[in-house]
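Student: Going line by line, the protein sequences match chains E and B.
Residues 1 to 532, numbered by the numbering used here, are exactly what the first sequence covers, in order.
Residues 1 to 204, numbered by the numbering used here, are exactly what the second sequence covers, in order.
My structure is below; once you've seen it, I'll send some questions.
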Amino acid sequence: MNDERFERDLKALLRDVAGREAPSSLHARVAAMLAQPPVARRPWLGRPLQLSLVAVAVVAILAAAVFVSQRPQVGPPPAGSPEPTSTIEASPSPTTEASTALPSASVVVPSPNSTTSTSTPLPTGISGMGWTGLSWSDGVALPSTDTSRLVINDILRWGSGYVGAGFKVTHDPVADTDTGIAPAFLTSHNGRNWTISQIGPPRQVEDTLDVRLAMAGHALVAIERDSLRLGGAPLLWQSDDGLAWTPIDSPTWRAAWEAGGHRALLGAVASGPEGIVAIGGLHADWGDPESLPVIVHSVDGVTWERIAVSSAFADAYLYDVATSAGGFVIVGRTGQPDPPAGTGAGRPAAWVSTDGRTWVKANVPGDSGPRETLADGSSGLGPRLSQVVAGADGLFALGLRAGATGTYCCDPTSGWASADGRTWTFVGDLGGKLPYVDALAGDGSHMVLFGHTSGKDVAVLGWSSTDGVTWTRLAFSGSTAIPGRWNSADESGPYVLAHEDPVHVVPAGLVVAGLPSAGQGELLWFATATAP
Amino acid sequence: MNELGGVPVVSGVTGTVTPLEDGLLERLRAGLATPGSDRADAFASLIDRSLDRSFRLASVILGSRDEAEDAVADASLRAWQHVASLHDPGRFDAWFTRIVVNVCRDRLHDRARRPNVLAVDPPAPGDDFGASIERAALHQALATLTAEHRAVVALHYLEGLTTEQIAAQLGLRDGTVKSRLHYGVRELRAAYEAAARASEGAVR
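So this is what it looks like as structure tokens:
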């Protein structure tokens, strides 16, 4: 079937259905509406319901006041830091039974006030001890109300506990629209019970906030990855204890993201013993004609250096970065941008560095898939490497091939593995077993891969590996709510792990933040890993 | 390590809505903050830029231009009632788009018991018989998609927004938009290809 013909007909149909302009009668109706003063309630909202809402609001305010008054002090926030919020522990979802906490043997209550807490070294893992199963517990609700919800983007092992970062969204239930978003920081001693340590100042509601965590020596750094921000670098925060966070005004960080009059955008962050590496760049999707990879390095999270990219990064597009025992690995692709409605025309690529500053291009072969014929008659190699994770015995990178929609999504994926990041091996197309890959995660010890089958009633499947070459299908047990079957047609049913939900590998297993179904509040799900 | 989807797209740069100029932005921000005619004027300026696109989007979601007009009018009223909560006029487009989609979704739910079939347009001039059959099949398949899938398909193929721009407009994760686009197009394509095969068979 001719792609161009299908797309042409689809666009023509949509134009036929939609027309071009709103009718004059609609303009007239809006103009008449504006002649009346705005009424801050819905016309159908009856008085009893209004009173109920007012009563609920009053109760909520009083409850919040009680929370604030009872908030245990975790140390005074630094001057000028954003307003701290009440401490709220995640509670079991009212719709599910209480779940089993992660084994206490693997997590120890941190001493957050300790100023001598050392950064956790990268887990070394145990070679050959791959996981064979996951025992899921029921989800635990993050603090959520009709008017606000909390989302966790990133979790970092810190000392003997965990630090989480994400955002808090305030919601107007009447207009059914979000009204505010603010970065949020949390701590947990066991990965299960979380305490909000700080809520940052609100951002614009339409900003797609994504907060990433990194370690810089003895300190923590948080980076707000804001996909809409035009006027400045990603925002930086720093914390010595995971409890009190201070915005950092770093001129070197700001300068690093200014690229020849353009504003480069952050793509991914990784941290290790040699510091923090953040990658990003301009991208053809933004209307820029050329690639412009950006690599930024810091030892302390305050002073940053934009690394001058060598010819090894010619025509490069960077998508992810990870740390391994050998240092840092960046993955992406080289080659021309993908045509808007075509398949990938670049080739997979990776770069390695032992210190985050000096980079060498790795040897990455192409895949075994069909080759696209480019407009100039040459042959493209297709997939890009979009994600990379590290296990105890090697690295694994996920390749995505652009599909008919022109986006890297939902089409057969392929994998590459490497023991050292310098030489990669194509390990095969995953499409035969796993048409749709949803999540890839690793902690330097174990790597997990989740995806779902094709069809409308899909099943979520998982694999585990320590070297990226040998993958073991994970047997699921415990709660049946996750990973449940998900109806892709109407998006009904639980779809945790089927929607790019954040998956975090911890020593005992996994922590997954996800939605039990569309429109519900975010839950945290736990899986205890079993080994042979 | 989580998939960050590559580096994101700046909303509004390549879409059909022209970004507000700084000076205009400031005037509108001041206007929205001032109850009365200033606020109404600022709101009128903003919504005037969005009506055409919102109408097209609602038409695709609802499959009816008449109902789309009602839906966008309802959405305009809802937006006007809550405009005081919008502090940054630069965000109006995404804010209003979400309201339009929500209103359309509510309307689809209300009529869930009724048939939801779009009218089939007559073949466009120049179309051959086979193409019109395929177009009709496409049309019918579009009517079977959910409101959420139709919204994503319309914003991508009609308005030319990237998945990341759509994610920002609708407040969704990029992966969710990609997934909806993928499944939506897959359904449309299956219907289209089936009609094409049937058409070829009929010609033979």
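Glycine residues also receive a C-beta, built at the ideal position from the N, C-alpha and C atoms.
1) Anything in chain E within Cβ reach of B/V60, meaning under 8 Å, just list it in chain order.
2) Going straight from the alpha carbon of E/H297 to that of B/T144, what length do you get?
3) In chain B, which residues lie less than 9 Å from E/M33 when you measure between Cβ atoms?
4) Note the first and the last residue of the continuous alpha helix (DSSP H) segment covering E/A256.
5) One question on the structure: do E/W545 and E/S137 come within less than 9 Å of each other, judged by their Cβ atoms?
6) Within 10 Å of its beta-carbon, does E/P383 have 16 or more other beta-carbons around it, so buried, or fewer, so exposed?
7) Give the interface partners of B/R135 over in chain E, defined as CB-CB distance under 8 Å, in chain order.
8) List, in chain order, every chain E residue whose beta-carbon is nearer than 9 Å to that of B/E69.
9) Out of curiosity, what's the CA-to-CA distance linking B/F92 and B/A79?
10) Answer with yes or no whether the minimum CB distance from E/D420 to chain B is below 9 Å.
11) Can we say the region 65-75 of chain B touches the region 171-179 of chain B, given the rule of at least three CB pairs closer than 8 Å?
12) Less than 6 Å between C-beta atoms, sequence neighbours within five positions excluded: which residues of the same chain meet that for E/A527?
13) Tell me whether the beta-carbon of B/L181 lies closer than 9 Å to the beta-carbon of B/V60.
14) Suppose contacts are defined by Cβ-Cβ distances below 9 Å. Is E/S25 in contact with B/E69 by that definition?
15) Could you compute how far the alpha carbon of E/L400 sits from the alpha carbon of B/S45?
16) In chain order, which alpha helix (DSSP H) runs of at least 4 residues are fully inside the region 36-82 of chain B?
17) Let me check understanding here. Comparing Cα to Cα, which of E/L395, E/A349, E/S324 lies closest to E/S465?
18) Taking 8 Å as the cut-off, does the region 150-164 of chain E touch the region 212-220 of chain E (at least 3 CB pairs, one atom from each stretch)?
19) Leaving out five residues on either side along the sequence, give the residues of the same chain with a beta carbon under 7 Å from the beta carbon of E/H504.
20) Our contact map puts E/V329 next to E/V388 with C-beta atoms below 8 Å; I'd like the distance itself, whole angstroms only.
21) Please report the residue range of the alpha helix (DSSP H) in which B/T163 lies.
22) What does DSSP give as the partner residue(s) for E/M447 in the beta ladder?
23) Answer with buried or exposed for E/V448, where buried requires no fewer than 16 other C-beta atoms within 10 angstroms of its C-beta.
24) From the DSSP output, read off the bridge partner residues of E/A513.
25) Would you identify the three-state DSSP class for E/G139, choosing helix, strand or coil?
26) Do we get a CB-CB distance below 9 Å when we pair B/A154 with the residues of chain E?
27) Rank E/G462, E/P365, E/D443, E/F450 by C-alpha distance to the C-alpha of E/S418 and give the top, closest one.
28) Could you list which residues in chain B have their beta carbon closer than 7 Å to that of E/F6, in chain order?
29) I'd like the list of long-range same chain contacts for B/A147, defined as Cβ closer than 6 Å, with 5 residues on each side in sequence excluded.
Tutor: In this structure, then:
1) Here residue 60 of chain B refers to the residue found at position 60 of the second sequence. L14, V17, A18, listed in chain order.
2) In the first sequence, residue 297 of chain E corresponds to position 297, counting from 1. In the second sequence, residue 144 of chain B corresponds to position 144, counting from 1. If I take the Cα positions, the gap works out to 50 Å.
3) The sequence position of residue 33 of chain E within the first sequence is 33, counting from 1. By Cβ distance, chain B contributes A73, S76, L77, W80.
4) Here residue 256 of chain E corresponds to residue number 256 of the first sequence, with the count starting at 1. Start and end: 251-256.
5) Residue 545 of chain E lies beyond the stretch modelled for chain E, which goes from 1 to 532, so this question has no answer here.
6) For this step, residue 383 of chain E is matched to residue 383 along the first sequence. By the 16-neighbour rule on beta-carbons within 10 angstroms, E/P383 is buried.
7) Within the second sequence, the letter at position 135 stands for residue 135 of chain B. Taking the beta carbon of B/R135 as reference, the chain E residues within 8 Å of it are D9, A12, L13, listed in sequence order.
8) As a position in the second sequence, residue 69 of chain B is number 69, starting the count at 1. Around B/E69, the beta-carbon contacts reaching into chain E at under 9 Å are A22, P23, S25, L26, R29.
9) Taking the second sequence and counting its residues from 1, the one referred to as residue 92 of chain B is at position 92. Taking the second sequence and counting its residues from 1, the one referred to as residue 79 of chain B is at position 79. Going from the Cα of B/F92 to the Cα of B/A79 covers about 9 Å.
10) Residue 420 of chain E sits at position 420 when you count from the first residue of the first sequence. For E/D420, the nearest beta carbon of chain B is not closer than 9 Å to its own beta carbon.
11) By the Cβ rule, the region 65-75 of chain B does not count as touching the region 171-179 of chain B, because fewer than three pairs are nearer than 8 Å.
12) As a position in the first sequence, residue 527 of chain E is number 527, starting the count at 1. Here the set comprises L134, W136, G509, L510.
13) Locating residue 181 of chain B in the second sequence gives position 181, where the first residue counts as 1. Locating residue 60 of chain B in the second sequence gives position 60, where the first residue counts as 1. Cβ distance not < 9 Å, so B/L181 and B/V60 don't count as in contact.
14) Taking the first residue of the first sequence as 1, we reach residue 25 of chain E at position 25. Taking the first residue of the second sequence as 1, we reach residue 69 of chain B at position 69. Their beta carbons are under 9 Å apart, which means E/S25 touches B/E69 by this criterion.
15) Counting from 1 along the first sequence, the entry for residue 400 of chain E is found at position 400. Counting from 1 along the second sequence, the entry for residue 45 of chain B is found at position 45. C-alpha separation (whole angstroms): 43 Å.
16) Counting whole runs of 4 or more residues, the region 36-82 of chain B contains the alpha helix (DSSP H) stretches 37-62, 65-81.
17) As a first step, residue 465 of chain E must be located in the first sequence, where it is residue number 465. For E/S465, the nearest C-alpha among the options comes from E/L395.
18) At 8 Å Cβ cutoff, the stretches touch.
19) Taking the first residue of the first sequence as position 1, residue 504 of chain E is located at position 504. Cβ within range, chain order: I155, A441, L510, V511.
20) Here residue 329 of chain E is taken as the residue at index 329 of the first sequence, counted from 1. Here residue 388 of chain E is taken as the residue at index 388 of the first sequence, counted from 1. That pair is a contact at about 6 Å.
21) On the second sequence, residue 163 of chain B is found 163 positions in, with the first residue counted as 1. 163-170 is the extent of the alpha helix (DSSP H) around B/T163.
22) Position 447 of the first sequence, counting from 1, holds the residue named residue 447 of chain E. Looking at the DSSP assignment, E/M447 forms a beta bridge with E/G442, E/S465.
23) What you label residue 448 of chain E is simply residue 448 of the first sequence in a count that begins at 1. Counting of Cβ neighbours within 10 angstroms places E/V448 among the buried residues, the total reaching 16 or more.
24) The residue given as residue 513 of chain E occupies position 513 in the first sequence. Answer by DSSP bridge pairing, in chain order: E/L524.
25) Here residue 139 of chain E refers to the residue found at position 139 of the first sequence. Assignment of E/G139 by DSSP, reduced to helix, strand and coil, places it in the coil class.
26) Taking the first residue of the second sequence as 1, we reach residue 154 of chain B at position 154. Yes, B/A154 counts as interfacial toward chain E.
27) To locate residue 418 of chain E, count along the first sequence from 1; it is residue 418. When each option's Cα is compared against that of E/S418, the closest is E/P365.
28) The sequence position of residue 6 of chain E within the first sequence is 6, counting from 1. Residues of chain B passing the Cβ test: R189, Y192.
29) As a first step, residue 147 of chain B must be located in the second sequence, where it is residue number 147. Excluding sequence neighbours, B/A147 sits near I61, C104, R105, L108.
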